[in-house]
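Chains as they are written, first to last, in our numbering: chain A, 706 to 956; chain B, 414 to 663.
Each remark here refers to the structure printed beneath this line.
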Amino acid sequence: MRRLGLLTLCFTVAHAALAGASVSIIASTPPEETAFAFSITAALLVELLYRRLGVEREVISMCTFSFSSAIAMIAVYMAPSVTLTSETASLILWGSVLAVTPAKIVLLVFLVVSLAVYVLSFKLEIDSLLFDVKLAEAEGVNVTLHATILILLTAMAISIILKLTGGFLVFSLLFNPVVAVERLSYRRQPLLGALVGGLSGLLGVVVSYFFDTPVGATISMMASIMLILGVTSSSLLEYHRTRRMKTYVST
Amino acid sequence: MWGFRKNSRGIGEDTCRVPNREDSSGVAVLLSNVSTAYPRSKNPALINVSLEVEYNTLTLITGPNGAGKTTLLELILGFLKPLTGVIRVLGFKMPKDSRKVRMLSGYLMQDFMKSPRETYTVMQVVSMGLAAYKGPLTPLNEKDLEAVRWAIKAVGLEGLEEKPIGILSGGQQQRAFLARVLVRKPKLILLDEPFSSLDPEGRKTISEIIDNVRRKLKSTVIVVSHDISPIIEYADKVVEMKSGRIVGVR
């Protein structure tokens, strides 16, 4: 997503999901489905305006992000206090590990399999896009199609894990682990990112249990700490590598 | 050295990857009174440009910075829309049929340098040139890989196939991107400043490769460059541009 320049759009999709989930509190609709509908609508709207108006995707994304956040806040404000204190509302906004049901695990596995099938089917085109979007486009690769597929998969992932981390923090679990390992290993980034994401989740649950803090926020905090550690350790490794190089050159 | 030897296999034996689709006009690229501007720009980037590039020829486009040379290539590939005028490329109307034209073209970009952290190997990067021709679950076959190896050899990067492109010098990266153009066996080759990172010997070599390839593949080549001296001996036409206008054709 970062390489494709779709990061801001993902951030927007995550907040559109939050808006959808918040609206579901007052509209009494299924939260995940509403979140998914909102996130898909936001993604498609951004892409449509980007293609039609020629305005930068980032500008439209940030506009949609602000709009989504505003909808979320208004929906929360308008929700009856009884509903707001309900378990469902609490899960949507703040997240809970209890939201991980067998059905959700099946959905996540389905999502992972779908992603694997997609990546294996279009490996060369995806590699080409990740390497250089403009060059891939100049060579006739269908950039719009692949960007849309990736956004749809992201929207699905966000909708599924929404209740785990809560709407406010869902993006951190998608973004932080991947960026944490980016500078350490470009090639093994997908695998290491998944491992760091899993570790963040595990640590978050443990810390949350011992300190009685909200699970979603604690997992996000762990993911942020992982990101800081990843960036710091890669800088330290680079520093030592440069020092070794200087010593080698001077001798 | 170029892989065009008799009995050599791979790209050298073939014509273009896609069937010849020459229109009766005999003109591969036609721009008629074309003007264009970049979004939010106050001034037009090209003003009433008219140009005809015949099939199987090598055209050089030269001029100072800001003359509109790269803009012209972006128009040909459909990245920019014309404000006025008509553009036809390989018989297709642009920018409506951009994707069809792009499938038939090979493009060497001006801004090609990759970060030292880029880990895709030379072999992988050149293979990516075939991405648009491959359907789902269709990996590269032995013939494709042979063509990739040929293209790498043709640009003088033999032995560097498994090196990450990010650690290569600017000149070597430029050769790798040229190999990516060649492996596509394009009907139309668009090269934007192909000599910018090359030493004099490299410029001469690359000029010879370009000329060899266009003759073998019967491709139409448009080269945009400040420095046309390495390739001028192979050119059929030289177009001079200045301030968004064509000021001379010889």
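Quick reminder that beta carbons are idealized off the backbone N, C-alpha and C, glycines included.
Thinking leucine 517 of chain B and proline 577 of chain B are a contact (beta carbons under 8 Å), I'd like their distance in whole angstroms, please. Going by Cβ atoms, the distance from leucine 517 of chain B to proline 577 of chain B rounds to 30 Å, so no, they are not a contact pair.
Less than 8 Å between the beta carbons of glutamate 761 of chain A and threonine 853 of chain A, yes or no? The Cβ-Cβ distance between glutamate 761 of chain A and threonine 853 of chain A does not fall below 8 Å.
Would you mind sorting glycine 425 of chain B into buried or exposed? The rule is 16 or more other CB atoms within 10 Å of its CB. For glycine 425 of chain B, the pLDDT reaches just 43, beneath the cut-off of 50, and the residue's location in the model is therefore unreliable, leaving the point undetermined.
Which partner residues does methionine 654 of chain B have in the DSSP bridge list? B:Ile659
Measuring only the C-alpha atoms, how far is glutamate 435 of chain B from glycine 725 of chain A? Summary for glutamate 435 of chain B: the model assigns pLDDT 49, below 50, so the residue's position carries little reliability; its value from the coordinates is reported in the next sentence. Straight-line Cα distance between these residues: approximately 53 Å.
Tell me, please, whether the CB atom of lysine 839 of chain A is closer than 8 Å to any CB atom in chain B? yes
Helix or strand or just coil, what does DSSP make of valine 764 of chain A? helix
Which value, in whole angstroms, describes the spacing of the CA atoms of tyrosine 451 of chain B and proline 495 of chain B? CA-to-CA, the gap between tyrosine 451 of chain B and proline 495 of chain B works out to about 10 Å.
Just to confirm the assignment, what range does the alpha helix (DSSP H) spanning phenylalanine 716 of chain A have? 712 to 732
Measuring straight from C-alpha to C-alpha, what distance separates lysine 590 of chain B and phenylalanine 772 of chain A? The sequence as given places phenylalanine at residue 590 of chain B; lysine does not occur at that position. Looking at the two C-alpha atoms, the distance is approximately 42 Å.
Buried/exposed call for proline 643 of chain B, threshold 16 Cβ in 10 Å: buried
So what does threonine 497 of chain B bridge to, in DSSP terms? Per DSSP, B:Ser448.
Mind listing which residues of the stretch 831 to 859 of chain A have their C-beta closer than 9 Å to chain B's C-betas, in chain order? Ile831, Asp832, Ser833, Leu834, Leu835, Phe836, Asp837, Lys839, Leu840, Ala841, Glu842, Ala843, Glu844, Gly845, Val846, Asn847
Spatially closest choice to alanine 899 of chain A from A:Glu844, A:Leu878, A:Cys768, by CA coordinates: A:Leu878
Spell out a yes or no on whether the stretch 808 to 817 of chain A and the stretch 470 to 488 of chain B are touching, meaning 3 or more CB-CB pairs, one atom from each, closer than 8 Å. no
Can you give me the C-alpha to C-alpha distance between glycine 481 of chain B and alanine 740 of chain A, rounded to a whole angstrom? 47 Å
Within 7 Å: the Cβ of proline 529 of chain B and any heavy atom of the ligand SAM? This structure does not include the ligand SAM; it has no bound ligands of any sort.
Proximity winner among B:Glu614, B:Leu611, B:Leu604, B:Lys506, relative to isoleucine 623 of chain B (alpha-carbon distances): B:Leu604
Within the continuous alpha helix (DSSP H) that includes tyrosine 755 of chain A, where are the two ends? Tyrosine 755 of chain A: member of the alpha helix (DSSP H) spanning 736 to 758, first to last residue.
DSSP-derived helix/strand/coil call for glycine 617 of chain B: Reading the sequence as shown, one finds lysine at residue 617 of chain B and not glycine. Reduced to three states, the DSSP call for lysine 617 of chain B is helix.
Could you pull out every residue in the same chain whose Cβ sits closer than 7 Å to the Cβ of tyrosine 823 of chain A, ignoring the five residues on either side in sequence? Ile854
Taking C-beta to C-beta, are valine 920 of chain A and glycine 935 of chain A nearer than 8 Å? no
Residue range of the alpha helix (DSSP H) that tyrosine 944 of chain A falls in? According to the DSSP assignment, tyrosine 944 of chain A belongs to the alpha helix (DSSP H) that extends over 920 to 955.
Apart from the five residues just before and just after threonine 534 of chain B, which ones in its own chain have a Cβ nearer than 8 Å to its Cβ? Glu574, Glu575, Lys576, Pro577, Ile578
Of the choices B:Leu459, B:Leu444, B:Ser632, B:Thr470, whose alpha-carbon is the least far from that of tyrosine 647 of chain B? B:Thr470
Could you tell me the alpha carbon to alpha carbon distance between glutamine 585 of chain B and serine 528 of chain B, rounded to whole angstroms? 14 Å
Hey, does glycine 542 of chain B have any beta-carbon neighbour from chain A nearer than 8 Å? Judged by the 8 Å Cβ criterion, glycine 542 of chain B is in contact with chain A.
CB contact check: lysine 576 of chain B to chain A, cutoff 8 Å: So no, lysine 576 of chain B is outside the interface.
Can you look up valine 568 of chain B in the DSSP assignment and give me helix, strand or coil? coil
Verify whether the separation of the beta carbon atoms of alanine 780 of chain A and isoleucine 831 of chain A is less than 8 Å. no
Check whether leucine 820 of chain A and leucine 850 of chain A have beta carbons under 8 Å apart: no
Please compile the residues from chain B whose C-beta is within a distance smaller than 7 Å of the C-beta of glycine 759 of chain A. Pro452
So, is arginine 756 of chain A buried or exposed, given that buried needs 16 or more other C-beta atoms within 10 angstroms? Here arginine 756 of chain A is exposed: its Cβ has fewer than 16 other Cβ atoms, across all protein chains shown, within 10 Å.
Nearest chain B C-beta to serine 826 of chain A closer than 8 Å, yes or no? yes
Just to confirm my understanding: we take serine 774 of chain A, look at its own chain, exclude 5 residues before and 5 after, and list those with CB closer than 6 Å. What are they? His720
Cβ closer than 8 Å: which chain B residues qualify as neighbours of leucine 829 of chain A? Ser540, Met541, Leu543, Ala544, Lys547, Pro552, Leu553
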